[in-house]
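Just below is one structure, and these are the notes that go with it.
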Amino acid sequence: MPALAVFLADDVVSALLRFLKFSEACSLSSLCPILNGQWRQPGGAFRTRWEMLHRLRWCNDLDDDETHDARDYDVVATCLRRDLIDASSFGWASPMLQNHDDLALRALGSRNGDLLEFVGDHLKNNATIVKTVVTKWGSALRFASADVRSRFDVVLAAVRNWGYAIRFASADVRGNKEIALAAVESMGGAYRFLPRELQEDKDVVLAAVRRDSVMLTKCPIHFRDDKDVVLAAVQEDGMVLVHASERLQCDFDVLLVAALTVDISFY
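If you read the sequence shown in the working numbering, its first letter stands for residue 1011, the second for the next number, and so on.
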């Protein structure tokens, strides 16, 4: 790779692309030593070598055949090992590499569960793998197969991490009260994505307003005249008292709790 060292002193990306465009001898796997470091772009910003792989594939117009996949495997594996990869970057790898169990599992074990979007369908349909991923990245549930999104244990793990994941669950699971409670306890705003019958369940409403008092404005209007619900809401933020019924706005117990939780620095 001596010729590459000369190019790296100038505009590393454009020079390297020009070199490889006309060089049949340089394989992508020979870039692994370079991938282990970083280069400084004008302005002082650092960029990873994974973007170089994307641009090299475009420049060389590589096909997804076994020869190229074999060479690219080392580059992708190096990026994963060096933690130089994110969800969109893994999407640049060839379909064969995305379906490679070893690389896919390494990717899913990295810092971004949204990598699940790019792995093979057989992994998206593996409930054990998906559950492991959504336990840390609940938002990744949207990339799981329909069968997995209908599994109670997988959805429960997802909503405990990120309540809004309930949007991606199957209708049957989304209507489960235990799932609904876990979702709103994680993120009160998940209340908006619940089926109507659960939005009218007092236990669910109480859990939602305790987590996010603004949900008092989203629940059925009769709950604004429910002292238990309003007390739970003003305990989280006294300012939501203005959304309670006139009767409860004059209730001593409610006023006392609201007064203790209003952020006076706001004024």
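All C-beta atoms in this analysis are idealised placements derived from N, C-alpha and C, irrespective of residue type, glycine included.
These figures come from a predicted structure and were not determined experimentally.
How long is the line joining the alpha carbons of LEU1126 and SER1196, rounded to whole angstroms?
Using only the alpha carbons, I get a separation of about 22 angstroms.
To the nearest angstrom, report how far apart ASP1112 and ALA1103 are at their CA atoms.
The straight-line gap from Cα to Cα measures roughly 14 angstroms.
With DSSP collapsed to three states, give me the class of LYS1228.
If DSSP states are grouped into helix, strand and coil, LYS1228 belongs with coil.
What are the start and end residues of the alpha helix (DSSP H) that includes GLU1207?
Note, GLU1207: alpha helix (DSSP H), 1206-1209.
Please report the straight-line C-alpha distance between MET1249 and THR1088, rounded to a whole angstrom.
Rounded to whole angstroms, MET1249 to THR1088 spans 53 angstroms at the Cα level.
Which value, in whole angstroms, describes the spacing of the CA atoms of LYS1146 and GLY1123?
Their Cα atoms are separated by approximately 7 angstroms.
Pick helix, strand or coil for GLY1185, following the three-state DSSP scheme.
Note: GLY1185 maps to coil in three-state DSSP.
So, using beta-carbon positions, are VAL1158 and ALA1192 closer together than 8 angstroms?
Result no, Cβ atoms of VAL1158 and ALA1192 do not sit closer than 8 angstroms.
Out of SER1255, GLU1256, ASP1247, LYS1237, state which residue places its alpha-carbon closest to the alpha-carbon of ASP1263.
Ranking SER1255, GLU1256, ASP1247, LYS1237 by Cα distance to ASP1263 puts LYS1237 first.
Would a C-beta distance cut-off of 8 angstroms place PHE1153 and LYS1141 closer than the cut-off?
Their beta carbons are not under 8 angstroms apart, which means PHE1153 does not touch LYS1141 by this criterion.
Would you mind sorting GLY1148 into buried or exposed? The rule is 16 or more other CB atoms within 10 Å of its CB.
With 16 or more other Cβ atoms within 10 Å, it is buried.
Could you check whether VAL1144 and ASN1171 sit closer than 8 angstroms to each other, using their CB atoms as the reference points?
Result yes, Cβ atoms of ASN1171 and VAL1144 sit closer than 8 angstroms.
List the whole-angstrom C-beta distance separating GLY1173 from ALA1150, where the pair is believed to meet the contact cut-off of C-beta under 8 angstroms.
Actually they are not in contact, since the Cβ atoms of GLY1173 and ALA1150 sit about 14 angstroms apart, beyond 8 angstroms.
Quick one: what's got a C-beta closer than 8 angstroms to LEU961's C-beta in the same chain, skipping five residues either side?
A question about residue 961 goes unanswered here, because the residues of the chain that appear run from 1011 up to 1277.
Cα separation between HIS1110 and ARG1116?
Going from the Cα of HIS1110 to the Cα of ARG1116 covers about 10 angstroms.
What distance in whole Å lies between the Cβ atoms of ASP1235 and ARG1206, which are believed to be in contact at a cut-off of 8 angstroms?
The Cβ separation is near 19 angstroms, so there is no contact.
Quick check on the burial criterion: 16 or more other C-beta atoms within 10 angstroms. Buried or exposed for LEU1270?
Answer is exposed; the Cβ neighbour count stays below 16.
How long is the line joining the alpha carbons of LYS1228 and PRO1105, rounded to whole angstroms?
Looking at the two C-alpha atoms, the distance is approximately 44 angstroms.
Take ARG1221 as the anchor and find which of ASP1211, GLN1245, ASP1163, GLN1209 has the nearest alpha-carbon.
Checking every option, the nearest Cα to that of ARG1221 belongs to GLN1245.
CB-CB under 7 angstroms to PHE1178, same chain, minus the five flanking residues each way: which ones, in chain order?
Result list for PHE1178: LEU1151, ARG1152, ARG1159, in chain order.
Using C-beta distances below 6 angstroms, list every residue in its chain close to ALA1168, excluding the 5 sequence neighbours before and after it, in chain order.
Correct list, in chain order: VAL1144, GLY1148, LEU1151, ALA1175.
Near SER1180, what residues of its chain come up, given a Cβ to Cβ distance below 6 angstroms and the 5 sequence neighbours on each side ignored?
Within the same chain, SER1180 has close Cβ partners ARG1159, SER1160.
Tell me whether ILE1231 is buried or exposed, calling it buried when 16 or more other Cβ atoms sit within 10 Å of its Cβ.
It is exposed - the Cβ of ILE1231 has fewer than 16 other Cβ atoms within 10 Å.
Under 8 angstroms by Cβ, that's how I've got ALA1218 and VAL1252 pegged, so tell me the actual separation to the nearest angstrom.
Between VAL1252 and ALA1218 the Cβ distance is about 18 angstroms, and since that is not below 8 angstroms, they are no contact.
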